[in-house]
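Inspection log for the structure reproduced underneath, given as structure tokens.
Residue numbers (my numbering), protein chains in the order written: chain C, 5 to 129; chain F, 2 to 141.
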């Protein structure tokens, strides 16, 4: 495909602001899944090789996360989950980290926040 | 060639001393952040532009498998952006938070910008961002 050589300033100028919506992006290039459920200005904190979380700069509240090595995680999910959930809920991705005590509380919170969002709801690169 | 919505001039990872290269934001990523009205992420692309062109430090490799050629551009910008209200809307220019001094732009091997984010400094080395690994290629 052809590259559009538009400068980033021109691109930003086209942006029309509006009300934030929960965000889910699946990147094939970096094999990662990025989720934001709040639009606060954030910073990131790397928890493990596979998990980075995003926190509000002002409140330190959890506002999103990034899961790296996504395809391997999906491949490792039990078949029963893949079959019964035809389309995989984001909470099932978090299931993979259930045994890591360092991540337990974070993923409990993330699970609540993502609700019924499914992989199929994500924009994919 | 990657399918980019827009491009940036970045310090070249192959020849940081002398060269620049084009890196870009994928159309899919742009579509996702604009559709979901991630105003702060959009506005912070202005900071990403500055860091890519004139980084304080560049790391290659990301310390994960299959990330050779991937690069992290690190800077210490003095400004940031915030939403005007909690529902979103226009992001305004504000001073950066001194507790999160580093702005990191992660670029994949094909030059696609993958992530742009603020990081805290390492407790043991305040001149380095926390949780960003790889081989230092700039400055040497």
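A virtual CB, placed ideally from N, CA and C, is assigned to each residue, including glycine. Please read these numbers as outputs of a predicted model, since none were measured by experiment.
How about residue i and residue j: are their beta carbons less than 7 angstroms apart?
i: residue 97 of chain F; j: residue 118 of chain F; result: no
i: residue 138 of chain F; j: residue 51 of chain F; result: no
i: residue 146 of chain F; j: residue 82 of chain F; result: The first residue shown for chain F is 2 and the last is 141, placing residue 146 of chain F beyond what the model contains.
Give a yes or no on whether the minimum CB-CB distance between residue i and chain A is below 7 angstroms.
i: residue 101 of chain F; result: Note that chain A does not occur in the displayed structure, where the protein chains are C and F.
What does residue i reach in chain C if we use C-beta pairs closer than 9 angstroms?
i: residue 159 of chain F; result: In the structure as shown, chain F begins at 2 and stops at 141. Residue 159 of chain F is therefore absent and cannot be evaluated.
i: residue 83 of chain F; result: 44, 45, 61 and 62
i: residue 20 of chain F; result: Going along chain C, no residue has its Cβ under 9 angstroms from residue 20 of chain F, so there is no contact; the nearest lies around 18 angstroms.
i: residue 27 of chain F; result: 31, 33 and 129
Taking C-alpha atoms, which residue in the options lies nearest to residue i?
i: residue 114 of chain C; options: C/30, C/46 and C/96; result: C/96
i: residue 69 of chain C; options: C/80, C/100 and C/57; result: C/57
i: residue 42 of chain F; options: C/24, C/76, C/36 and C/75; result: C/24
i: residue 135 of chain F; options: F/25, F/71 and F/106; result: F/71
i: residue 76 of chain C; options: C/13, C/116, C/124 and C/32; result: C/32
i: residue 112 of chain C; options: C/66, C/61, C/22 and C/12; result: C/66
Rounded to the nearest angstrom, what separates residue i and residue j at their Cα positions?
i: residue 71 of chain C; j: residue 51 of chain C; result: 10 angstroms
i: residue 132 of chain F; j: residue 47 of chain C; result: 12 angstroms
i: residue 104 of chain C; j: residue 103 of chain F; result: 28 angstroms
i: residue 120 of chain C; j: residue 26 of chain C; result: 11 angstroms
i: residue 18 of chain F; j: residue 93 of chain C; result: 46 angstroms
i: residue 101 of chain C; j: residue 94 of chain F; result: 37 angstroms
i: residue 9 of chain F; j: residue 128 of chain C; result: 22 angstroms
i: residue 13 of chain F; j: residue 4 of chain F; result: 20 angstroms
i: residue 16 of chain C; j: residue 40 of chain F; result: 10 angstroms
i: residue 101 of chain F; j: residue 36 of chain C; result: 24 angstroms
i: residue 47 of chain F; j: residue 82 of chain C; result: 43 angstroms
i: residue 7 of chain F; j: residue 19 of chain C; result: 13 angstroms
List, in chain order, every chain F residue whose beta-carbon is nearer than 8 angstroms to that of residue i.
i: residue 71 of chain C; result: None at all; the shortest Cβ gap to chain F is about 12 angstroms.
Find the residues of chain F that neighbour residue i, judging by a C-beta separation of less than 9 angstroms, and give them in chain order.
i: residue 14 of chain C; result: 7
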